[in-house]
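What follows is a set of notes on a single structure, which appears directly below.
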Amino acid sequence: MLEIADTMPTALPVRYRTRSGILSHYIFKTLPQVKKLLQHWEIQAHQCKDPELRKQALASLHTKAFHCHGGAVYAVNCGPKEYITLRLIVAYQTICDYLDNLCDRVGSTDGTAFEQLHRSLFDALTPDSSITDYYLYYPHKDDSGYLLQLVNECRHCVQQLPSYAEVYPDIIKLARWYTDLQVKKHLHWDQREQVLQAWCYEHLNSYPGIWWQEFAAASGSTLAIFALFILATHKSGSARAKNRIIQAYFPWICGLHILLDYFIDQEEDRQGGDLNFTFYYRDELQTIKRLSLFVKNSLLAAASTPLPVFDKTIVHGLLAMYLSDRKVDKYGLRPQAEHLMDQAGTGAKRVYRICYLVRKVYLG
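Counting in the numbering used here, the sequence shown runs from 1201 upward without gaps.
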């Protein structure tokens, strides 16, 4: 087990009721802790014996650290369990980012190998499961225990969340969809689109009005899982609260999260021939129309969750972080970005203004 203290040095409130309180705590208290945790995992990644696994482990930490920085905001409202939840989020997201690199950057298109790698996510979320060889079908194997350390960190953390058993079935369902997406979207290009569409259409009856690429996008987000971690930190989570969280996050907030990611990556993905779910819209006008729908419905859904101010801040934060990325101006997306910000109102614009500070200090 990692030699990291299970508690932070000072007691913290159960929740913040204002946007400014959430963001202040997140920027000045949470993000420095994330930096330290990522430094710890970078030391572990350097120990990977296989050069390719070491390369991908370090690359995922260096180029995708912003995923952990962003996900860390969900620890803010966890009271005495804040730091254990923060450790859990960083470790789980690091697994996701590492596996994404292993599926995307090593030239393999073996779905069996990808599925086996992603068993680590289920073991990470299931403390009493039997550990297996995650690299069984993968061409590179010796990571000197790096992935297992991440898995065990998650297992250690979830065991300390009082209501974890109540949210576990839904978390596993979300992790299953995430894994299905990751396995299918990394298949060879001549079969991945057909396989992905068939999989998505199996689920669309439960989500009227959602298009297949939007279901796929929502499945690629870890935010719903992190939101359920918050609920698990409280001793008296309710089924009603859980259902409201899930309905707000899937497909709306999760879908907005990944669609924004693809939106700013359009030109790079076009040049690289990479999969991008926004390419399945008819044209730019339709893309912005659908993204606007996700903005509107995400904000409406956030208003009905157990922590409406927090979840509305999450929506504003997604828009602010992605649309303040330098790619927006580099690729001429500023008019579309401003339209989307307008849909979210003045609150999103206030959050947008602080994103430059966050990027300068923590994201580079």
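Glycine residues also receive a C-beta, built at the ideal position from the N, C-alpha and C atoms. Predicted model, so just to flag it, every value in this text is computed and none were measured.
Judged by beta-carbon spacing, phenylalanine 1314 lies within the 7 angstroms limit of histidine 1386, meaning their Cβ atoms are closer than that value. Straight across, the Cα-Cα distance linking threonine 1230 with methionine 1541 is about 26 angstroms. Taken in chain order, the unbroken stretches of alpha helix (DSSP H) that lie wholly in the stretch 1462-1501 and span 4 residues or more are 1466-1472. The criterion of a C-beta distance shorter than 7 angstroms is satisfied by histidine 1267 and aspartate 1297.
When the beta-carbon positions are compared, tyrosine 1346 and alanine 1257 come within less than 7 angstroms of each other. Annotation: isoleucine 1410 to isoleucine 1243 spans about 42 angstroms, alpha carbon to alpha carbon. By the Cβ test, the stretch 1530-1539 is in contact with the stretch 1451-1468, since at least three Cβ pairs between them sit closer than 8 angstroms.
Within the same chain, Trp1412 come within 6 angstroms of glutamine 1397 by CB-CB distance, once the 5 residues on both sides are set aside.
Pairing histidine 1269 with arginine 1355, the inter-Cα distance amounts to about 21 angstroms. When secondary structure is reduced to three states using DSSP, aspartate 1380 falls in the helix class. DSSP places isoleucine 1410 outside both helix and strand once states are collapsed to three, so it counts as coil. Annotated as distal: threonine 1487 and tyrosine 1462, with beta-carbon spacing of 7 angstroms or more. Taking a C-beta distance under 7 angstroms as the contact criterion, leucine 1321 and alanine 1375 qualify as a contact pair.
Shown here, valine 1551 sits in a helix according to DSSP, grouped into three states. In this chain, the alpha helix (DSSP H) harbouring tyrosine 1346 covers 1346-1358. Bounds of the alpha helix (DSSP H) holding arginine 1392 are 1389-1401. In the structure shown, proline 1506 adopts coil according to DSSP, grouped into three states.
Residue environment for isoleucine 1331: exposed (fewer than 16 other C-beta atoms within 10 angstroms of its C-beta).
Between the C-alpha atoms of arginine 1219 and valine 1509 there is a straight-line separation of about 7 angstroms. Shortest Cα-Cα distance from leucine 1238 to any of Ser1260, Ile1458, Ala1502, Ser1308 involves Ser1260. Between the alpha carbons of arginine 1526 and leucine 1518 lies a distance of about 15 angstroms. When C-alpha distances from leucine 1348 are compared across Gly1221, Ala1448, Trp1241, the shortest belongs to Trp1241.
The beta carbon of alanine 1448 sits closer than 7 angstroms to the beta carbons of Ala1501, Ala1502, Ser1504, Thr1505, Asp1511 from its chain, once the five residues preceding and following it are set aside; these are given in chain order.
Rounded to whole angstroms, phenylalanine 1228 and arginine 1559 show a C-alpha spacing of 13 angstroms.
Straight-line spacing of the CA atoms in isoleucine 1458 and serine 1308 works out to 24 angstroms. Within its own chain, the residues whose Cβ lies closer than 7 angstroms to the Cβ of histidine 1403, once the five positions on either side in sequence are excluded, are Phe1415, listed in chain order. The beta carbon of serine 1524 sits closer than 8 angstroms to those of Tyr1552, Cys1555, Tyr1556, Arg1559, all from its chain and outside the five residues before and after it, given in chain order. Beta-carbon to beta-carbon, glutamine 1382 and cysteine 1303 are separated by about 6 angstroms, close enough to satisfy the 8 angstroms threshold.
Closest by C-alpha distance to tryptophan 1452, out of Lys1496, Val1273, Gln1543, is Lys1496. For tyrosine 1368, the three-state secondary structure derived from DSSP is helix. Of the candidates Gly1547, Ala1432, Val1367, Val1290, Gly1547 places its Cα closest to the Cα of alanine 1520. For the options Cys1248, Lys1489, Lys1236, Ile1372, the alpha carbon positioned closest to that of serine 1344 is the one of Cys1248.
The three-state secondary structure of aspartate 1297, taken from DSSP, is helix. Residue burial annotation: arginine 1470 is exposed, with fewer than 16 other C-beta atoms found within 10 angstroms of its C-beta.
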